[in-house]
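*Asks:*
Residue numbers (the working numbering): 128 to 799.
Here it is as structure tokens:
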């Protein structure tokens, strides 16, 4: 075995030999190999979009790649970008009716995804316009446009194209109305309601025709009375108006006494073709009490006017917060009002006073007043030369019904011969708002008695408005809105002699689960023709609807007479009233908020009207009659409208205007 020294010597010699061989290499085998570089990384580009209504398309203009963004949110291009490459994002297709800008849209790709590209879209204003035809030379037409968040008007003096001077946001619902008719002409609007969607509207058509003797126009509204104490939350309320045979109008209303706790009944008279007289107070019955805090409150007057101009008014009266009695006063042209007298007084033990007064008068001057108190229906009668039937003692009077459960909301109809019918809502023993029936009784003017109470409808369910008319021979027709289990519907029944017909549904098209038909009102002419109007719609759209009953023919198809092309929640401030005359002229007046200024903020409530003309057998165009209250929208709300129609077909509308110190009070417009 070799020694360790010998093995170490051999290793050294071998290492040296290897070193010499390496030193002698001449390079004939080529350069030494270099490892390849790794591939470049790719990254995505994207960001966020705000304000888009949908339909936005973006493009990277460097490589022509695109991405579609359905609506506001985040986006990312599918095609990625190499590290170090450039990118430039631009808008290739903006949303309809919008413009969009791009921030942080260009740069050079680094070592991470780009997520900070910011696209902001804003809505372009959309125009609204159309064409006018038939406008007479030298005449002026004013149109108003109302839409969500925007309103404006345009004055037109020539035929041809027109455009409103304001723009509107996409998807806004709009309505175009005639604010001022040209002299001796009537203009109607076609395609005046709709939705902007995302495009301008250019198809509004306005046609003007010369007025004939059978056509009338609403004149500019005027103040009847002004309430300078505009901070008074009670203010002036519930005006009522009626005509005599000569076309003279008489109006009554309640008004807080300035600087006092009392509330008075005021009146004014408008002679045919003249102006309203200075308002005056119907005389007080009582002397001024020593304690002003308990001054008498007079509320909710009702009015009946005879053909010769004589009139009678009734109202609720009592100390503040203590319940109401019933008082009346008679008017004679040229003389004025009589000293008021009680026709019913609330007893101290009664939990509530009088409410829901109704009044009527026949051609002989017999007057009926009906009201509700302590859950029962009461009445009193005045006979010329004899006075009121019942003494005005505390708690005394005649009760029409004595049914179990609370009665409310009576309606009275009386013809010229004195025949009368009353209907009312009758609660059940449990007094549930969803357990309401409709009952009635007929009045005999000869014996001054009422028939036993008779059911009109006993299906139960909530009732949302009632109305009643009676013809010359004493046949009555009742209308009411009642839940059928799914929705509120209009029902009607007829009382020919002593028995009501089986109730039937009147309205059509009310089929949606969210639909409704409510608040019926009706009038009847001298031939027995009936016009019924009501509100009908669902959560998206609501109309004011009319249907006519022609004697000997039956009910004709209903038709809209006024529209609000928006949420039916806007109807919460709507009040509807209707009047007619023996010749068949019918005028419908209502109040409604015409647009939305901001979320949950409505435009002021304005007054609108439509008329049925028996000459041509058709309705006119819906029209705003308190023109100063629409645009600009800063004049306050119109409340408590009432309307009367003269034998000639002229009409007067009256309402409570909640406005500025110069406009707050009673306003009126004449249709002639």
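The beta-carbon is built from N, C-alpha and C at its ideal position, and this holds for glycine as well.
Which runs of the beta strand (DSSP E) spanning at least 3 residues fall entirely within the stretch 532-581, listed in chain order?
*Replies:* Segments of the beta strand (DSSP E) lying fully in the stretch 532-581: 534-541, 547-554, 563-571.
*Asks:* Near residue 660, what residues of its chain come up, given a Cβ to Cβ distance below 6 Å and the 5 sequence neighbours on each side ignored?
*Replies:* Contacts found: 648, 673, 705, 715.
*Asks:* Can you grab the Cα-Cα spacing for the pair residue 737 / residue 776, in whole Å?
*Replies:* For residue 737 and residue 776, the distance between alpha carbons rounds to 13 Å.
*Asks:* Given that a residue counts as buried once 16 or more other Cβ atoms are within 10 Å of its Cβ, and exposed if not, what is residue 797?
*Replies:* The residue in question, residue 797, is buried, as its Cβ has 16 or more Cβ neighbours within 10 Å.
*Asks:* Let me know the secondary structure DSSP gives residue 634 once reduced to three states.
*Replies:* Residue 634 falls in the coil class under three-state DSSP.
*Asks:* Indicate the three-state DSSP secondary structure (helix, strand or coil) for residue 528 in the structure shown.
*Replies:* In this structure, residue 528 counts as coil in the three-state DSSP scheme.
*Asks:* What are the partner residues of residue 614, as DSSP defines its beta bridges?
*Replies:* None; residue 614 has no bridge partner.
*Asks:* Select from 484, 377, 745 the residue whose C-alpha is nearest the C-alpha of residue 70.
*Replies:* This structure leaves residue 70 out entirely; the chain is present only between 128 and 799.
*Asks:* Using only the alpha-carbon positions, how far apart do residue 653 and residue 446 sit?
*Replies:* So the alpha carbons of these two residues sit roughly 42 Å apart.
*Asks:* Looking at C-beta atoms only, is the number of pairs between the stretch 253-265 and the stretch 279-294 that lie closer than 8 Å three or more?
*Replies:* Yes, the stretch 253-265 is in contact with the stretch 279-294.
*Asks:* Taking Cβ to Cβ, would you say residue 204 is nearer than 8 Å to residue 231?
*Replies:* No. Outside cutoff.
*Asks:* Report the partner residues of residue 456 according to the DSSP bridge assignment.
*Replies:* 440.
*Asks:* Is it the case that the Cβ atoms of residue 538 and residue 595 are separated by a distance below 8 Å?
*Replies:* In contact: residue 538 and residue 595 (Cβ atoms closer than 8 Å).
*Asks:* On the CB-based measure, 16 or more other CB atoms within 10 Å of its CB, does residue 318 come out buried or exposed?
*Replies:* Exposed, because fewer than 16 other Cβ atoms sit within 10 Å of the Cβ of residue 318.
*Asks:* So, residue 799 versus residue 346, is the Cβ gap smaller than 8 Å?
*Replies:* Yes, the pair counts as a contact, with Cβ atoms nearer than the cut-off.
*Asks:* Evaluate contact between the stretch 276-286 and the stretch 323-330, counting only Cβ atoms and requiring at least three cross-stretch pairs below 8 Å.
*Replies:* No contact exists between the stretch 276-286 and the stretch 323-330.
*Asks:* Out of curiosity, what's the CA-to-CA distance linking residue 151 and residue 166?
*Replies:* Note on residue 151: pLDDT 42, under 50, position unreliable in the model; no value is reported.
*Asks:* In whole angstroms, give me the CA-to-CA distance for residue 792 and residue 411.
*Replies:* Using only the alpha carbons, I get a separation of about 22 Å.
*Asks:* Give the straight-line distance between the Cα atoms of residue 366 and residue 574, rounded to the nearest whole angstrom.
*Replies:* Answer to the nearest angstrom: the Cα atoms are 34 Å apart.
*Asks:* Would residue 301 and residue 264 qualify as a contact pair, given that the criterion is a beta-carbon distance under 8 Å?
*Replies:* Their beta carbons are not under 8 Å apart, which means residue 301 does not touch residue 264 by this criterion.
*Asks:* For residue 243, is the classification buried or exposed, using 16 other Cβ atoms within 10 angstroms of its Cβ as the cut-off for buried?
*Replies:* That one is exposed.
*Asks:* For residue 569, which residues of its own chain have a beta-carbon under 6 Å away from its beta-carbon, when the five flanking residues on both sides are left out?
*Replies:* Once the five neighbours on either side are set aside, the close Cβ partners of residue 569 are 548, 578.
*Asks:* Quick check for students: name the residue ranges of the beta strand (DSSP E) that lie wholly in the stretch 184-230, counting only runs of 3 or more.
*Replies:* As far as the stretch 184-230 is concerned, its whole beta strand (DSSP E) runs of at least 3 residues are 192-196, 200-203, 213-220, 225-230.
*Asks:* Could you tell me which residues DSSP pairs with residue 730 in its beta bridges?
*Replies:* Looking at the DSSP assignment, residue 730 forms no beta bridge with any residue, so it has no partner.
*Asks:* Check for me: the beta strand (DSSP E) holding residue 398 runs from which residue to which?
*Replies:* Per DSSP, residue 398 belongs to no beta strand (DSSP E) and is neither H nor E.
*Asks:* Would you mind listing the beta strand (DSSP E) stretches within the stretch 457-514 that are 3+ residues and don't spill past its ends, in chain order?
*Replies:* The stretch 457-514 contains these whole beta strand (DSSP E) runs: 468-471, 482-488, 494-500, 503-510.
*Asks:* Between the C-alpha atoms of residue 663 and residue 684, what's the straight-line distance to the nearest angstrom?
*Replies:* Near 14 Å, if we compare the C-alpha coordinates of residue 684 and residue 663.
*Asks:* Name, in chain order, the residues that DSSP records as bridge partners for residue 350.
*Replies:* Per DSSP, 794.
*Asks:* Leaving out five residues on either side along the sequence, give the residues of the same chain with a beta carbon under 6 Å from the beta carbon of residue 325.
*Replies:* For residue 325, where only same-chain residues beyond five positions count, the Cβ hits under 6 Å are 223, 224, 297.
*Asks:* Going by the CB atoms, is the gap between residue 616 and residue 640 shorter than 8 Å?
*Replies:* Not in contact: residue 640 and residue 616 (Cβ atoms no closer than 8 Å).
*Asks:* To the nearest angstrom, how far is it from the Cα of residue 779 to the Cα of residue 178?
*Replies:* Rounded to whole angstroms, residue 779 to residue 178 spans 49 Å at the Cα level.
*Asks:* Taking DSSP as the reference, what is the three-state secondary structure of residue 323?
*Replies:* Here residue 323 sits in coil by DSSP.
*Asks:* Tell me, please, which residues DSSP counts as bridged to residue 604.
*Replies:* Looking at the DSSP assignment, residue 604 forms a beta bridge with 596, 621.
*Asks:* Going along the chain, which residues of its own chain have a beta-carbon closer than 7 Å to the beta-carbon of residue 656, five neighbours each way excluded?
*Replies:* Cβ within range, chain order: 675, 676, 677, 678, 711.
*Asks:* Once DSSP output is grouped into helix, strand and coil, what is the label at residue 585?
*Replies:* Coil.
*Asks:* Between which two residues does the beta strand (DSSP E) holding residue 650 run?
*Replies:* Residues 643-651.
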